[in-house]
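**Q** Numbering (this note's numbering), first residue to last: 3 to 993.
Just so you know, even glycine gets a beta-carbon here, dropped at the ideal spot from N, CA and C.
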């Protein structure tokens, strides 16, 4: 019997499927280590059962939270225990005592939010690493994470009061600030184990008083190794904080009692520009006396990538410079300067920095929305820097990759600038480039480096560089790790930082807790070389043929001949991988797709909370496909990948929300195209995928079809087409309605100023939207010409029928490429997005690129009209806006909201996917997830004010609202309109 069978018999959720193992073979590090199984305990008792069972069978155990470790601490060869699925609750909050107790699997932002809610905004949990929206409390404890505001709040260890543990042999113990005891007083065996560990820890401390006092805690961010100084008598034998940063090598933390701190109430962000990161670092000592809550730094490559990938508005407000400091100041900062308010303190600080002579320019950001947007640039630094896109730098673009490995060193803040100068010289010496960002105020520098992890020579260079970098940081009195832990990335380098006596003390500390060495083996103690188990090593160099052009420079696809030429010119040693392989390897595991708020990605994960249904989980299964498939043909037939992609809504949000630009909708389309080639497809691929082909015929019989859809025969028809019969179906426009709304629109001719595309969905279901769109487009005197003879091929793309999609798009490109640069406006945003993005990637011709560059969604084109002075009257005071995911991804997250706000309309944004997402919400087997996705944001936004007008430019979004109004009595009066309808006839819409 397998260990999974044993645990399943005991009622514990465990999985050893090859798909599940692929998902958990990676974290956010450079490494890949397949486990033998993954378990999802529902309680601390189940954790103890799992660990005890593994102990008895000699199976290694790795505890895992959000899986965002950059050091390789969250992967292992044995049993991976995912604590984030079920052990994710706040167990208690003591507002008077300013403490909270929470499960190890709770996400840090969730813990902070619940603390604020329970204390009326007075208290919060302080540690806020950039991954806080998906990193868990257990992971923060394991690495002793810090975060953007650590210059004030310190490390996670500074906020720990108690740790509730499961030992390597399955005992439940509680570690406190002054000792160790059994979690249950009447558990005699656990009490005896606690007593033994306590005796051994006292002996260890007594034998090493000198080195604990002189070698440890020499700088604020000395995270490497174990925190054994906490055991010293003067520190009160603080077992709880000694275990923080132990990376799961000594015990499994199942919950913790933590300290809460006052939440700042009046923060301002200062953005200060510099010529270089080292210039910025030299100003840190001048800033620290002002007691800021954050001093964070980034370089221009990250900013340029953010602007190229998500639009220049995302970095609006940054001053001139090639490096920036983000400085948060608040009422506490003002108090240190005896100032009455925060703005006065900001002015004082900026005057002081001008006197230092290094800053170029500065801006003060007091708007909370703008402040949050700029902080996201810093928070996404790890992902943005991995694959840069900078139109102004020819060295950045296709093929540019950077990796962790030496991304977490720390020195004393006053030595940071000198360290950076020497570090830059070391990069040059090894022919490497580093992208710098990090916690400048605490002396912790995150750097992603252009290691070539795919070749033996590149891995040897990484080994030599990291060794030299370790020697350098030690010369500067620093630490190999400042918050990410040692893990697989740095543990082998600890002999450079610590003397043999200290290494022996670390080994003994590990042995006391884990005599058999089964907990996260290889981290800190007895490590493997840092180049072992690298994920990019030994991936077969095979060609995975694709219909999409997956070779990009920034956001612009390169013509295939240019791609081939670039690959050929680089030679075999540095030839980039096959485009499909390179694309799916874009996921580096930072896990933003696991965030429960902010952005749209990933709607399926937000609905199921299963790693399988995250963008990252799918990417990891694809990465294992290109690595382990016996052949390309067998890889395309992978049932693991098909299973992983099944609940992908193809919303495209990951293409913009993912810091590395992973585009899972495209990869799914490509995979389905190969997977079902010369095979029978799901029924929905015919009924929905071929919709543009049969819609004209259906329109001829619209009255009959509409009557059938309103009858009991609807369920039979739905099942025959692979559609869930519970889903509301749209009514087809009749021929009379089409003539009324489309027949009167002028055709495109030489005098047309704007080309309006009446897409398949608009023609078949909402022809009145075309009339409204034309009316608004012509409001400033432009001549509007309409064409209804083209198709974007979207339904064939989303179902992976790319031969037909390409043929359709080739025809579309030939019709629309008319030798002009006049805008092409598409009423349906998903069709506009397909023409803008998918057309040039599937049809690699100059005509396709020309047409794509002219395409606009209606909302994105609206700014042209308002800039010309157009101002409609009679608009509603407020609307609920559901932005189509494809518009969000391709034309910008704020496109519709910005247009409405510019017209004086208050926008209540339903931020997230509607759940229908084209064919997804209609398909059999997807209904429950589709409805759960709607409950993430759309349904709550509608219930907030059911009678408020709902703007849904996307046909899928309109269908989602229509369905919710039919199944939820509270929404019976809710109706949706296209933005063009709202603007063309404000009085005819609900108010």
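1. Go ahead and pull the three-state DSSP assignment for residue 179.
2. At what residues does the beta strand (DSSP E) containing residue 258 begin and finish?
3. According to DSSP, is residue 450 part of a helix, a strand, or is it coil?
4. Taking the DSSP output, what are the residues bridged to residue 275?
5. Leaving out five residues on either side along the sequence, give the residues of the same chain with a beta carbon under 6 Å from the beta carbon of residue 885.
6. Go through the region 41-105 residue by residue and report every complete run of the beta strand (DSSP E) that reaches 3 residues or more, in order.
7. May I ask you to report which of helix, strand or coil DSSP gives residue 833?
8. Verify the contact flag: residue 690, CB atom, against every heavy atom of the ligand MG, threshold strictly below 7 Å.
9. May I ask you to report which of helix, strand or coil DSSP gives residue 331?
10. Alpha carbon to alpha carbon, how far is residue 154 from residue 598? Give it in angstroms, no decimals.
11. Helix, strand or coil, according to DSSP, for residue 11 in the structure here?
12. For the beta strand (DSSP E) containing residue 859, list its first residue and its last residue.
13. In three-state DSSP terms, what is residue 559?
14. Closest by CA to residue 364, which one among 437, 9, 105, 277?
15. If you draw a straight line from the C-alpha of residue 502 to the C-alpha of residue 50, how long is it?
16. Using 10 angstroms around the beta-carbon of residue 359, count the other beta-carbons present and answer buried if the total reaches 16, otherwise exposed.
17. Going along the chain, which residues of its own chain have a beta-carbon closer than 8 Å to the beta-carbon of residue 456, five neighbours each way excluded?
18. So who's on the other strand from residue 297, going by DSSP bridges?
19. With a threshold of 16 other CB atoms inside 10 Å of the CB of residue 839, please say whether the residue is buried or exposed.
20. Answer yes or no: do residue 173 and residue 192 have a C-beta to C-beta separation smaller than 8 Å?
21. Following the continuous beta strand (DSSP E) through residue 155, name the residue where it begins and the one where it ends.
22. Tell me, please, whether the region 588-597 touches the region 658-669 by the rule of three or more beta-carbon pairs shorter than 8 Å.
23. Can you tell me where the alpha helix (DSSP H) holding residue 169 begins and where it ends?
24. On the DSSP bridge assignment, give the partners of residue 174 in chain order.
25. Between the region 788-800 and the region 740-749, can you find at least three pairs of beta-carbon atoms closer than 8 Å?
26. Going by the beta-carbon positions, is the gap between residue 26 and residue 37 smaller than 8 Å?
27. I need the DSSP call for residue 571, collapsed to helix, strand or coil.
28. Going by DSSP, name the residue or residues bridged to residue 787.
29. Under three-state DSSP, which class holds residue 966?
30. What first and last residue would you give for the beta strand (DSSP E) that runs through residue 883?
31. Just reading off the alpha helix (DSSP H) that residue 876 is part of, what are its end residues?
32. Among 524, 63, 69, which residue has its Cα nearest to the Cα of residue 612?
33. Skipping 5 residues on each side, what residues in its chain have a beta carbon closer than 7 Å to that of residue 819?
34. Can you tell me which of 254, 683, 893 puts its alpha carbon nearest to the alpha carbon of residue 67?
35. Which parts of the region 497-530 are runs of the alpha helix (DSSP H), unbroken and 4 residues or longer, counting only runs that do not cross its ends?
36. Based on Cα-Cα distance, which residue from 646, 645, 582 lies nearest to residue 634?
**A** If we stick to the structure as given:
1. To locate residue 179, count along the chain shown from 1; it is residue 177. In this structure, residue 179 counts as coil in the three-state DSSP scheme.
2. Here residue 258 refers to the residue found at position 256 of the chain shown. Its beta strand (DSSP E) spans residues 253-261.
3. Start at 1 with the first residue of the chain shown, and residue 450 comes out as number 448. DSSP places residue 450 in strand when its eight states are reduced to three.
4. The sequence position of residue 275 within the chain shown is 273, counting from 1. Paired residue(s): 326, 363.
5. Locating residue 885 in the chain shown gives position 883, counting from the first residue. Taken in chain order, the residues that qualify are 898.
6. 63-66, 81-84, 92-96, 101-105
7. For this step, residue 833 is matched to residue 831 along the chain shown. Reduced to three states, the DSSP call for residue 833 is helix.
8. No copy of the ligand MG occurs in the structure displayed, which carries no ligand at all.
9. Taking the first residue of the chain shown as 1, we reach residue 331 at position 329. Three-state DSSP puts residue 331 in a strand.
10. Position 596 of the chain shown, counted from the first residue, corresponds to residue 598. Position 152 of the chain shown, counted from the first residue, corresponds to residue 154. Approximately 27 Å, taken between the alpha carbons.
11. Position 9 of the chain shown, counted from the first residue, corresponds to residue 11. The answer is helix: DSSP assigns residue 11 an H, G or I state.
12. By one-based count along the chain shown, residue 859 stands at place 857. Residue 859 -> beta strand (DSSP E) spans 857-859.
13. By one-based count along the chain shown, residue 559 stands at place 557. Model confidence at residue 559 stands at a pLDDT of 45, short of 50, so the residue's coordinates are unreliable and nothing is read from them.
14. Within the chain shown, numbered from 1, the residue matching residue 364 stands at position 362. Nearest of 437, 9, 105, 277 to residue 364, Cα basis: 277.
15. The residue you call residue 502 lines up with position 500 of the chain shown. The residue you call residue 50 lines up with position 48 of the chain shown. So the two alpha carbons sit approximately 34 Å from each other.
16. Against the chain shown, residue 359 aligns to sequence position 357. With fewer than 16 other Cβ atoms within 10 Å, it is exposed.
17. The residue given as residue 456 occupies position 454 in the chain shown. Around residue 456: 538, 539, 541, 579.
18. Position 295 of the chain shown, counted from the first residue, corresponds to residue 297. Answer is 329, bridged to residue 297.
19. Along the chain shown, one-based indexing puts residue 839 at 837. Flag for residue 839 reads buried.
20. Within the chain shown, residue 173 is the residue found at index 171, counting from 1. Within the chain shown, residue 192 is the residue found at index 190, counting from 1. Result yes, Cβ atoms of residue 173 and residue 192 sit closer than 8 Å.
21. Position 153 of the chain shown holds residue 155. Looking at the DSSP string, residue 155 is not in any beta strand (DSSP E); the run it does join, the alpha helix (DSSP H), is 152-155.
22. yes
23. Indexing the chain shown from 1 puts residue 169 at position 167. Taken as a continuous stretch (DSSP letters only), residue 169 belongs to no alpha helix (DSSP H), being part of the beta strand (DSSP E) at 162-169.
24. Here residue 174 refers to the residue found at position 172 of the chain shown. Answer is 168.
25. yes
26. What you label residue 26 is simply residue 24 of the chain shown in a count that begins at 1. What you label residue 37 is simply residue 35 of the chain shown in a count that begins at 1. Cβ atoms of residue 26 and residue 37: closer than 8 Å.
27. Mapped onto the chain shown, residue 571 falls at position 569. Residue confidence is low: residue 571 scores 43 on pLDDT, short of 50, so the model does not pin down where it sits. Its coordinate-derived value is still stated next. In the structure shown, residue 571 sits in a helix (DSSP, three-state: H, G or I).
28. For the purposes of this step, residue 787 is taken as residue 785 along the chain shown, with counting starting at 1. Residue 787 is bridged to 757.
29. Counted from its first residue, the chain shown places residue 966 at position 964. DSSP places residue 966 in helix when its eight states are reduced to three.
30. For the purposes of this step, residue 883 is taken as residue 881 along the chain shown, with counting starting at 1. First-last of the beta strand (DSSP E) with residue 883: 880-883.
31. On the chain shown, position 874 is the one that residue 876 refers to. Residue 876 -> no alpha helix (DSSP H), and no H or E assigned at all.
32. Counting from 1 along the chain shown, the entry for residue 612 is found at position 610. Residue 612 has its Cα closest to that of 69, out of 524, 63, 69.
33. The residue given as residue 819 occupies position 817 in the chain shown. Same-chain partners within the cutoff: 849, 852, 853.
34. Within the chain shown, numbered from 1, the residue matching residue 67 stands at position 65. Cα-wise, what sits closest to residue 67 is 254.
35. 502-515
36. Counted from its first residue, the chain shown places residue 634 at position 632. That would be 582, whose Cα lies nearest to the Cα of residue 634.
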